[in-house]
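Taken in order, the sequence shown gives residues 2 to 257; the numbers are from my numbering.
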Amino acid sequence: MILIDLQKAFDTIDHEILLKKMYCIGFAENTIKWFESYLKDRTFIVSVENSISNSGSQTYGVPLESILGPLLFFLYINDTQKASDSAIILYANDSCIVFQHKRITEIEKQLNKDFKSVCSWFIDNKLSIHLGKEKTKCILFSPKNKNKKDKTLYIFHYDKKIQQYSSVTYLGCILDESLSGDEIAINVIKKINNKLKFLYRKNRFLSKYLRRVVRNAIIQLHFDYACSTWYINLKTCLKNKLKVVQNKCKIGRAHV
Numbered sequence: 002m003i004l005i006d007l008q009k010a011f012d013t014i015d016h017e018i019l020l021k022k023m024y025c026i027g028f029a030e031n032t033i034k035w036f037e038s039y040l041k042d043r044t045f046i047v048s049v050e051n052s053i054s055n056s057g058s059q060t061y062g063v064p065l066e067s068i069l070g071p072l073l074f075f076l077y078i079n080d081t082q083k084a085s086d087s088a089i090i091l092y093a094n095d096s097c098i099v100f101q102h103k104r105i106t107e108i109e110k111q112l113n114k115d116f117k118s119v120c121s122w123f124i125d126n127k128l129s130i131h132l133g134k135e136k137t138k139c140i141l142f143s144p145k146n147k148n149k150k151d152k153t154l155y156i157f158h159y160d161k162k163i164q165q166y167s168s169v170t171y172l173g174c175i176l177d178e179s180l181s182g183d184e185i186a187i188n189v190i191k192k193i194n195n196k197l198k199f200l201y202r203k204n205r206f207l208s209k210y211l212r213r214v215v216r217n218a219i220i221q222l223h224f225d226y227a228c229s230t231w232y233i234n235l236k237t238c239l240k241n242k243l244k245v246v247q248n249k250c251k252i253g254r255a256h257v
């Protein structure tokens, strides 16, 4: 897997290209004109301490903190898949290329080919990849019992090697080389224990009903998030630790 990080993705959307893509997708002419009026004639100013700049024209980008901004970005990158023969997973500006094969040499060959093609697609669409530390990176998944003597991936962006990691975070999930789910479970247990300590200190101020509401709001989400992907492969000892934490959350006189 190659995890791609885009630099200032929402700020570099080309309005003309976006409107052309909407036309190709099949948007009605009046709808495209409405979006065109929504995007054009935008201005911005910069404020530093007590100084304010003159207003400037904003000819690129979509509003990030808006309802339409993410939707327009999705429309803009929706055809990235056409640039790759491998599977591409798209979620806002967090994209990744995935290819599966038994031989590492084949994985390297295909990923390098598709990564080069996707990078060219980004250039054509006026988007740029962030190649800094902990940004664009790669990881090789394999079974736990697989021989780990030679597991180095050589993926390049021109002459720069993409750094390989033994675990990566994607959409809030920690993925290790064997997809065991252990690191996610350890992280979940740590987060929940920290929040339980806080709630224990406030326990006397909360009724049974409020304890249930607070638990569901700030604790239960850690148990639920993507649990179907990481819980199934957990070691028995970690499953038991999760059960212990769950028991601590039971509603009762001495529990949260």
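We put the CB at the ideal spot given by N, CA and C, even for glycine.
Measure the CB-CB distance between residue i and residue j and report whether it falls below 7 angstroms.
i	j	result
residue 14	residue 92	no
residue 87	residue 74	no
residue 12	residue 62	yes
residue 220	residue 250	yes
residue 3	residue 157	no
residue 190	residue 231	no
residue 109	residue 166	no
residue 5	residue 137	yes
residue 46	residue 54	yes
residue 94	residue 7	yes
residue 84	residue 118	yes
Mapping the DSSP letters down to three states, classify residue i as helix, strand or coil.
i	result
residue 220	coil
residue 106	helix
residue 238	helix
residue 57	strand
residue 119	helix
residue 1	The structure shown does not extend to residue 1, since the chain spans only 2 to 257, so no value can be given for it.
residue 4	strand
residue 176	strand
residue 168	strand
residue 91	strand
residue 248	helix
residue 100	coil
residue 63	coil
residue 130	strand
residue 114	helix
residue 254	At residue 254 the pLDDT is 40, less than 50, meaning the model places this residue with poor confidence; the figure from the coordinates comes in the next sentence. Here residue 254 sits in coil by DSSP.
residue 10	helix
Do you know whose CA, among the options, lies nearest residue i's CA?
i	options	result
residue 212	223, 197, 184, 240	197
residue 44	58, 36, 189	58
residue 178	153, 238, 209, 120	153
residue 141	129, 80, 169	169
residue 131	219, 164, 105	164
residue 224	237, 246, 203, 236	246
residue 133	162, 112, 216, 145	162
residue 120	105, 39, 89, 233	89
residue 242	125, 95, 187	187
residue 235	248, 215, 180, 195	180
residue 21	36, 166, 202	36
residue 42	16, 49, 30	16
residue 81	8, 123, 159	123
residue 248	233, 216, 237, 202	216
residue 145	29, 182, 125, 127	182
residue 244	114, 208, 204, 193	193
Provide the residue span of the alpha helix (DSSP H) that contains residue i, from first to last.
i	result
residue 78	69-78
residue 25	16-26
residue 283	Lying outside 2 to 257, the shown extent of the chain, residue 283 is not represented and no answer is given.
residue 137	Neither: residue 137 is in no alpha helix (DSSP H) and is coded neither H nor E.
residue 230	228-231
Residue i lies in the beta strand (DSSP E); which residues open and close that run?
i	result
residue 45	43-45
Secondary structure, alpha helix (DSSP H): runs of 4+ residues fully inside the stretch 178-213: Entirely contained in the stretch 178-213, the alpha helix (DSSP H) runs reaching 4 residues are, in chain order, 183-203.
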